[in-house]
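Number of protein chains: 2
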Amino acid sequence: MTEEGKPTFAAERRERILELVRSNGAMALRDIASQVRASEVTVRRDVRALEAEGLIDRRRGGAAPPGRLGHEQSYAQKTRQAAPEKLAIAKAAAALVEDDDAIVLGPGSTTEALARELMGRHNLTVVTNSLLVAQVLVNAPGIDVMVTGGSLRGTTLALIGSATEQALAGIRVHRAFLSGNGLTVDRGLSTPHPAVASVDQALVACAQETVILADHTKIGTDTMVQTVPPEHINHLVTDNHADPEVLMTLEDMGTTVHVAVLENDQGE
Amino acid sequence: MTEEGKPTFAAERRERILELVRSNGAMALRDIASQVRASEVTVRRDVRALEAEGLIDRRRGGAAPPGRLGHEQSYAQKTRQAAPEKLAIAKAAAALVEDDDAIVLGPGSTTEALARELMGRHNLTVVTNSLLVAQVLVNAPGIDVMVTGGSLRGTTLALIGSATEQALAGIRVHRAFLSGNGLTVDRGLSTPHPAVASVDQALVACAQETVILADHTKIGTDTMVQTVPPEHINHLVTDNHADPEVLMTLEDMGTTVHVAVLENDQGE
DNA sequence: CACCAGGTGATCGATTATGATCGAATCGCA
DNA sequence: TGCGATTCGATCATAATCGATCACCTGGTG
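Note that the protein sequences, when read in sequence, are chains A and B. With this note's numbering, letter number 75 in the first sequence gets 77, and the count goes up by one each step, no holes. With this note's numbering, letter number 236 in the second sequence gets 238, and the count goes up by one each step, no holes.
So this is what it looks like as structure tokens:
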């Protein structure tokens with residue numbers, strides 16, 4: 003040694019490591035060690051210290067700049083988490099669908115779950131503006147899927163806009179299954195998005211009966227635009243955590259309420 | 003020179019896999035492995051982990067972007083067929099799309115690849131009857147996706163039927179990009195399915211210009227129903243394995259022929 | 001001069017990532 | 001429907017790295 007003109011103090015060496023990693027991206031511990039003329043053990047100690055300060059990301063075999071791995075949760079994962087209630091509701095709602103029926107399925111993870119429950123049905127015609135629903139049913143042998151046209155909305159994979167409403171204009175089906183964002187006794191079903199609301203109304207308009215799928219988190223919530231007034235709701239399918247008072251009031255207004263019971267009920 | 007100073011940490015490798023799959027669409031496990039210089043076993047583990055996070059869709063033989071709209075059965079077949087050619091064709095065809103354009107994209111894996119190439123465009127309006135294409139473009143920020151209505155055809159995830167044609171009736175766009183099953187000098191573009199043919203004609207009818215995407219395996223093949231007569235084909239994009247005689251004949255008939263050249267023929 | 005303190009390097013189990021292999025399951029094709 | 005081929009999952013083997021402990025070196029201090 004002593005070849006080094008610089009007495010490599012610890013702090014100085016760490017600065018150098020930081021610079022190296024910042025400019026080179028991920029680096030192997032070995033390479034860092036050779037660059038700063040220190041043993042791997044020492045560099046490992048340094049990197050560990052830098053990691054504690056949040057200045058670096060440590061990983062097996064080396065180090066990398068921090069913050070690179072921002073894994074965002076995907077839509078698919080979100081739907082998986084609230085699954086049990088939605089599944090129960092979907093199973094209950096499936097009882098309202100008969101063979102040889104023609105129905106409308108709106109967008110939403112609950113209706114998507116309902117679609118999955120319908121897979122084995124025979125001679126069913128399903129009209130939907132949800133690409134998710136369409137995809138679920140595309141391989142079901144006994145089911146005809148009709149997709150409405152429209153502008154594709156990225157967040158929900160639903161079709162909306164005037165083209166959607168036009169496509170729905172000529173269609174008449176038995177029941178429409180919808181799942182909005184909020185449901186109250188006063189204002190019925192509501193959604194925060196005006197264009198979605200408009201389409202929801204069109205979906206309802208082409209069915210003889212309207213079925214709302216709403217888990218308890220949605221009941222009592224009101225959002226911006228009303229889509230279905232309470233007196234137009236023929237059926238409501240919800241879970242057993244919903245407020246019984248609300249349900250009774252709705253029944254008084256003529257809605258048939260179906261309560262899906264969760265089997266393994268985690269207490270609260 | 004991009005030497006292998008890259009340490010290839012697990013986290014970086016997974017990021018790379020994500021990017022690969024996101025930009026290339028469905029990929030075979032083997033190809034991913036060779037791209038990231040890791041064994042298939044390792045890639046399988048990575049893909050499994052990514053799937054658990056909901057960031058990727060795993061399927062037999064490979065991985066695909068999440069979002070559920072998949073080519074389940076046709077996946078293996080399609081990815082193996084002529085992936086590099088299709089990619090090259092798609093890249094070439096992308097040159098025919100300008101910003102602020104309005105175009106029609108038909109169904110098919112080649113048009114789907116084209117859709118992927120268009121991801122970065124601004125102010126683009128894309129009309130399609132393919133749910134696959136719609137799915138690809140749904141997350142592109144600068145692109146409006148209009149989906150035609152219609153009956154969902156399971157094998158290709160395309161919308162067909164009179165509803166589709168009706169939805170297209172009121173639409174006028176600059177160019178239509180189609181990819182049929184066969185293309186000959188005598189009969190132009192053809193497809194084995196009558197209903198698909200009818201929709202293809204409607205797609206062409208609402209565009210000022212028609213662009214056909216066809217790799218060499220399709221050229222010279224004739225199938226049941228003619229969809230686009232040769233004199234209506236304004237542009238043909240194909241690869242450099244196509245029969246030059248056919249191309250010249252088409253050019254004599256007024257078609258502008260674009261030949262995509264394969265750059266890297268790796269690992270096949 | 002002896003001793004201590006901080007930093008550094010070396011060594012040794014323990015842990016981890018990776019790759020190979022084999023039975024099982026699945027797919028494609030006839 | 002059955003068969004060959006492919007792919008998957010699981011287990012094991014290997015190699016690399018990690019964490020911890022110890023030894024050493026250097027400089028300061030009583």
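Cβ coordinates follow ideal geometry from the N, Cα and C atoms, glycine included.
Ignore the nearest five residues each way along the sequence and tell me which others in H237 (chain B)'s own chain have a CB closer than 6 Å to its CB.
Closer than 6 Å at Cβ, skipping near neighbours: V213 and T258.
Using a Cβ cut-off of 7 Å, pull out every chain B residue sitting near L161 (chain A), in sequence order please.
Chain B residues near L161 (chain A): V149.
Taking DSSP as the reference, what is the three-state secondary structure of S200 (chain B)?
Three-state result, S200 (chain B): helix.
Here's the rule: buried if 16 or more other CB atoms are within 10 angstroms of the residue's CB, otherwise exposed. What is A97 (chain A)?
When all chains shown are included, A97 (chain A) counts as exposed.
Put S111 (chain A) into one of helix, strand or coil per three-state DSSP.
Correct three-state label for S111 (chain A): helix.
Can you tell me which of the three DSSP states S25 (chain A) falls into?
Reduced to three states, the DSSP call for S25 (chain A) is helix.
Does the Cβ-Cβ distance between V129 (chain B) and L107 (chain B) come in under 9 Å?
Yes; because the gap between Cβ atoms is below 9 Å, this pair is in contact.
If I'm right that I91 (chain B) touches A262 (chain B) with Cβ under 8 Å, what's the distance once you round it to whole angstroms?
Contact flag correct, Cβ pair sits at about 5 Å.
Spell out the partners DSSP gives S153 (chain B) in its beta bridges.
DSSP, once it has assigned bridges, lists A:M148 and B:I162 as partnering S153 (chain B).
So is N131 (chain A) buried or exposed if we call it buried at 16+ other beta carbons inside 10 Å?
By the 10 Å Cβ count, N131 (chain A) comes out buried.
Restricting to runs no shorter than 4 residues, where is the alpha helix (DSSP H) found entirely within the segment 220-270 of chain A?
246-254, all fully within the segment 220-270 of chain A.
Just to make sure I have the definition right: I need the residues of chain B whose C-beta is within less than 7 Å of the C-beta of S164 (chain A). Which are they?
Result: empty, since nearest Cβ-Cβ is about 11 Å, beyond 7 Å.
List, in chain order, every chain B residue whose beta-carbon is nearer than 7 Å to that of A136 (chain A).
Neighbours of A136 (chain A) on chain B, chain order: L133 and L154.
Residues of chain A with CB under 7 Å from V140 (chain B), in chain order?
Here the neighbours are L154, G156 and L159.
Does R62 (chain A) come within less than 9 Å of chain B when only Cβ atoms are used?
Interface residue, yes.
In the DSSP assignment, the alpha helix (DSSP H) including E55 (chain B) goes from what residue to what residue?
Per DSSP, E55 (chain B) belongs to no alpha helix (DSSP H) and is neither H nor E.
Is S36 (chain A) buried or exposed, if buried means 16 or more other CB atoms sit within 10 Å of its CB?
Exposed, since its Cβ has fewer than 16 Cβ neighbours within 10 Å.
Check each candidate in B:D245, B:E211, B:L215 and B:K220 and name the one with the smallest Cα separation from A104 (chain B).
It is B:E211.
How do the segment 135-150 of chain A and the segment 178-195 of chain A stand: do at least 3 beta-carbon pairs fall below 8 Å, yes or no?
No, they do not touch.
Applying a beta-carbon distance threshold of less than 9 Å, which residues of chain B neighbour D146 (chain A)?
Ordered by position in chain B, the residues that pass the 9 Å Cβ test against D146 (chain A) are S153 and L154.
Note down, in chain order, each residue of its chain lying with its Cβ closer than 8 Å to the Cβ of I34 (chain A), except the 5 sequence neighbours on either side.
Cβ neighbours of I34 (chain A) beyond the five flanking positions: I19, L22, V23, V45, V49, G64 and A65.
With DSSP as the reference, identify every bridge partner of A104 (chain A), one or two as the case may be.
DSSP lists A:T127 as partners of A104 (chain A).
Just confirm the distance between the C-beta atoms of P86 (chain B) and G27 (chain B), as a whole number of angstroms; I'd bet it's less than 8 Å.
Not a contact, Cβ separation roughly 13 Å.
Taking 8 Å as the cut-off, is the C-beta of H234 (chain A) nearer than that to any heavy atom in the ligand ATP?
This structure does not include the ligand ATP; it has no bound ligands of any sort.
Does the beta-carbon distance from S153 (chain B) to M121 (chain A) come in below 9 Å?
No, these two residues do not count as a Cβ contact at 9 Å.
Find out if the Cβ-Cβ distance for the pair L249 (chain B), I235 (chain B) is shorter than 9 Å.
Their beta carbons are not under 9 Å apart, which means L249 (chain B) does not touch I235 (chain B) by this criterion.
Taking all protein chains shown into account, decide if E17 (chain A) is buried (16 or more other Cβ within 10 angstroms of its Cβ) or exposed.
Exposed.
Here's a check: name, in chain order, each residue in its chain whose Cβ is nearer than 6 Å to the Cβ of D146 (chain B), leaving out the five neighbours to either side.
Taken in chain order, the residues that qualify are T127.
Whose C-beta lies closer than 8 Å to the C-beta of T10 (chain B) among residues of the same chain, with five residues either side of it excluded?
These residues qualify, in order along the chain: V38, R39 and A40.
By DSSP, does I173 (chain A) sit in helix, in strand, or in coil?
Residue state, collapsed to three classes: coil.
Out of B:A51, B:E53 and B:R62, state which residue places its alpha-carbon closest to the alpha-carbon of R32 (chain B).
Out of B:A51, B:E53 and B:R62, B:R62 has the C-alpha closest to the C-alpha of R32 (chain B).
Which residue marks the beginning of the beta strand (DSSP E) containing V213 (chain A), and which one marks its end?
It spans A209 to L215 - the beta strand (DSSP E) in which V213 (chain A) sits, taken as one unbroken run.
Please list the partners that F179 (chain B) has in chain A, where partner means a Cβ-to-Cβ separation under 7 Å.
Neighbours of F179 (chain B) on chain A: none; closest Cβ ~18 Å, over 7 Å.
With DSSP as the reference, label V140 (chain A) as helix, strand or coil.
V140 (chain A): coil per DSSP, three-state reduction.
Which of helix, strand or coil does DSSP assign to L31 (chain B)?
Reduced to three states, the DSSP call for L31 (chain B) is helix.
Looking at C-alpha atoms only, which residue of A:A136, A:A160, A:T113 and A:L116 is the closest neighbour of A201 (chain A)?
Checking the displayed sequence, the identity of residue 201 (chain A) turns out to be Val instead of Ala. That would be A:A160, whose Cα lies nearest to the Cα of V201 (chain A).
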